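Each remark here refers to the structure printed beneath this line.
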Amino acid sequence: MGLMAKRDGRYAAVGISSDTEMGSDGVIFCTNVEGSQPVIYYGYNDGKSSAYKSGQNPAAASNRKVWEQDGHFMCSFTQPLSLEIPGESALNLAEKHHLLVSTGSIGDSSEPRYHGSDKIASSEPVDLTDNSALTSAGVPRLIKAHGSLMLVAWVGTAGIGILSAQHLRLTWVGKQIFGKDVWFTIHRAMMVLTALCTWTGFALIVTHLKTLSFGHPHNILGFIVFLISVVQVAGALLRPSPEARLRPLFAWGHRLGGLAAYLLSLVALFLARQLPQLDLPRYWLWLLTGAIALDVVVSLVFMAIHHCVGDSRVDPDVGSPSKHEAPGSSLRKILLAIYIFFSAAFVVAMVTTLALSDA
Ligand code: HEM
Ligand code: HEM
Numbered sequence: 453m454g455l456m457a458k459r460d461g462r463y464a465a466v467g468i469s470s471d472t473e474m475g476s477d478g479v480i481f482c483t484n485v486e487g488s489q490p491v492i493y494y495g496y497n498d499g500k501s502s503a504y505k506s507g508q509n510p511a512a513a514s515n516r517k518v519w520e521q522d523g524h525f526m527c528s529f530t531q532p533l534s535l536e537i538p539g540e541s542a543l544n545l546a547e548k549h550h551l552l553v554s555t556g557s558i559g560d561s562s563e564p565r566y567h568g569s570d571k572i573a574s575s576e577p578v579d580l581t582d583n584s585a586l587t588s589a590g591v592p593r594l595i596k597a598h599g600s601l602m603l604v605a606w607v608g609t610a611g612i613g614i615l616s617a618q619h620l621r622l623t624w625v626g627k628q629i630f631g632k633d634v635w636f637t638i639h640r641a642m643m644v645l646t647a648l649c650t651w652t653g654f655a656l657i658v659t660h661l662k663t664l665s666f667g668h669p670h671n672i673l674g675f676i677v678f679l680i681s682v683v684q685v686a687g688a689l690l691r692p693s694p695e696a697r698l699r700p701l702f703a704w705g706h707r708l709g710g711l712a713a714y715l716l717s718l719v720a721l722f723l724a725r726q727l728p729q730l731d732l733p734r735y736w737l738w739l740l741t742g743a744i745a746l747d748v749v750v751s752l753v754f755m756a757i758h759h760c761v762g763d764s765r766v767d768p769d770v771g772s773p774s775k776h777e778a779p780g781s782s783l784r785k786i787l788l789a790i791y792i793f794f795s796a797a798f799v800v801a802m803v804t805t806l807a808l809s810d811a
């Protein structure tokens, strides 16, 4: 059996369980107290707290080897099929069990601290004598679905919807879709999709974690983005008419809320790569950086078009804009098409990377 964790005051543990939750299960720990050799213990989990039950390096765990690799320590040992934990009944490892693998820090009394979110459970019971089964747990499907929906929303549809409200109000003037201006129909459709993906993605991750947990900055920022998306849609549904006195208040609140959600979502996406359940490749960051660079470049080109050919934006305070097509219309349409094409490419690349990733 082999266990691996980061160096310096960390432990790696495998719980042997009849289900996917901790509680009344046998555990094998490998600890790494700074300045000493890693040590193996047998332990037991009572509810969420775990305790060492055996002495250091129990004789049953033979052929012990420890070594370091890339800032991690590795523990390898031979474990008989009967796991005998002092004070508990022996566990028969020849039967199939769920494996609960976790890492965490070690307390002052060299007890392991609760592992928080650094844990992963095998989705199926595992036959410990079959090597091939040990590698197959992977990233849970609900996490992949959560991440994919969020990527579609915040790398895909949100950017297109916001760009339409910012730069396309005086494009397709005189044409309407479903009785509304084209820019508005694009914005509404894209932002409703963004919100639906965000809400479904949120429901999936809460179902997976079975709780709201704010243990990682990704979760905190993600939760704020979710709340803002609710407020944006509610605000838009209740928006005052363009001539109403309160319209500028809506316009500015909605504008600031929308931009805040967009910026925070990008930070949440960067932070997602650090989450312990995931092992996304380095190029994930390059894809994300590319998607942001696309936003910046396309926004700058739009501004250049407004500057050189004539301003085609509308001041949100002014209410009803003059209904003349602004010059440079075809350029703006081409730019929108380029933006949609490359945004879609980034979404497909990032979702595929996530779907194929393994923890
Ligand atoms: C801007 C887009 C995203 C938003 C708004 C968002 C939102 C959230 C929220 C609110 C939580 C906490 C849920 C809870 O406490 O029950 C969470 C957790 C999580 N998210 Fe996201 N997420 C986003 C993108 C992603 C992506 C792209 C991935 C994967 C690549 C991802 C993976 C995860 C994972 C693994 C957790 C669980 C963390 C834990 O164990 O505490 N998220 N996300
Ligand atoms: C997550 C949801 C949403 C976000 C993040 C969002 C974001 C934005 C942003 C950033 C702007 C300002 C663009 C600019 O001028 O710089 C804007 C404008 C606008 N949005 Fe949304 N939006 C959302 C949903 C909606 C929905 C569902 C509707 C309509 C049903 C809507 C209607 C409008 C209108 C009417 C404006 C123009 C406001 C004005 O200048 O008078 N938005 N939105």
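Under the numbering used here, the first residue of the sequence shown carries the number 453, and numbering increases by one thereafter. C-beta atoms are modelled at their ideal positions from N, C-alpha and C, and glycine is treated no differently. Keep in mind it's a predicted model, so treat the numbers as computed, not measured.
Taking all protein chains shown into account, Tyr735 has fewer than 16 neighbouring C-beta atoms within 10 Å of its C-beta and is therefore exposed.
Counting along the chain, Arg462 sits inside the beta strand (DSSP E) bounded by residues Arg462 to Ser469. Looking at the backbone, the Cα of Val685 and that of Thr659 are separated by about 23 Å. Taking Glu777 as the centre and dropping the five residues before and after it, the same chain places the C-beta of Val625 closer than 6 Å to its C-beta, in chain order. Under the criterion of beta carbons closer than 8 Å, Tyr494 and Pro510 qualify as touching, at roughly 6 Å.
The beta carbons of Leu601 and Gly653 sit about 4 Å from each other, so the pair counts as a contact at 8 Å.
Along the segment 711-782, the beta strand (DSSP E) does not occur as any fully enclosed run of 3 or more residues.
Arg784 has its alpha-carbon roughly 11 Å from the corresponding atom of Val761. Annotation for Thr483: the continuous beta strand (DSSP E) segment containing it runs Asp477 to Asn484. Counting along the chain, Ser506 sits inside no alpha helix (DSSP H), nor does DSSP assign it H or E at all. Distances from the CA of Gly608 to each of Leu739, Leu689, His549 and Lys627 were compared; the closest alpha carbon is that of Leu739. The alpha-carbon of Leu620 is positioned some 27 Å away from that of Ala801. Bounds of the beta strand (DSSP E) holding Leu551 are His550 to Ser557. In the DSSP assignment, Trp651 falls within the alpha helix (DSSP H) that extends over Val634 to Leu661. The three-state reading of DSSP puts Trp704 in helix, counting H, G and I together. The residues Val750, in chain order, have a CB closer than 6 Å to that of Tyr791 in the same chain once the five nearest residues on each side in sequence are set aside.
Residue burial is scored here from C-beta neighbours: Gly478 has at least 16 other C-beta atoms within 10 angstroms and is therefore classed as buried.
With three or more CB-CB distances shorter than 8 Å, the segment 674-682 counts as touching the segment 709-716.
Distances from the CB of Ala686 to the heavy atoms of ligand 2 are all 7 Å or more.
According to the DSSP assignment, Lys596 belongs to the alpha helix (DSSP H) that extends over Arg593 to Leu603.
Secondary structure of Gln684 (DSSP, three-state): helix. Under DSSP, no beta-bridge partner is assigned to Ile792. For Leu783, the shortest separation between its Cβ and any heavy atom of ligand 1 does not lie below 7 Å.
Across the structure, Arg516 and Thr663 are spaced so that their CA atoms are roughly 39 Å apart. Annotated three-state conformation of Lys785 is helix, per DSSP. As computed with DSSP, Met453 is found in no beta bridge at all. Beta-bridge partners of Leu535 (DSSP): Leu543. About 5 Å separates the beta carbons of His549 and Ile468, which is inside the 8 Å limit, making them a contact pair. By the neighbour-count criterion, in which a residue is buried when 16 or more other Cβ atoms sit within 10 angstroms of its Cβ, Gly667 is exposed.
As computed with DSSP, Pro564 is found in a beta bridge with Ile558. Setting aside the 5 residues that flank it on each side, Ala512 is surrounded in the same chain by Pro532, each with a C-beta closer than 6 Å to its C-beta; the list follows chain order. The three-state secondary structure of Trp624, taken from DSSP, is coil. Of the heavy atoms belonging to ligand 1, at least one sits nearer than 7 Å to the Cβ of Ile657. Distance between Leu603 and Ala743, taken at the CA atoms: about 11 Å.
Taking the Cα positions, Lys627 is about 19 Å away from Met642.
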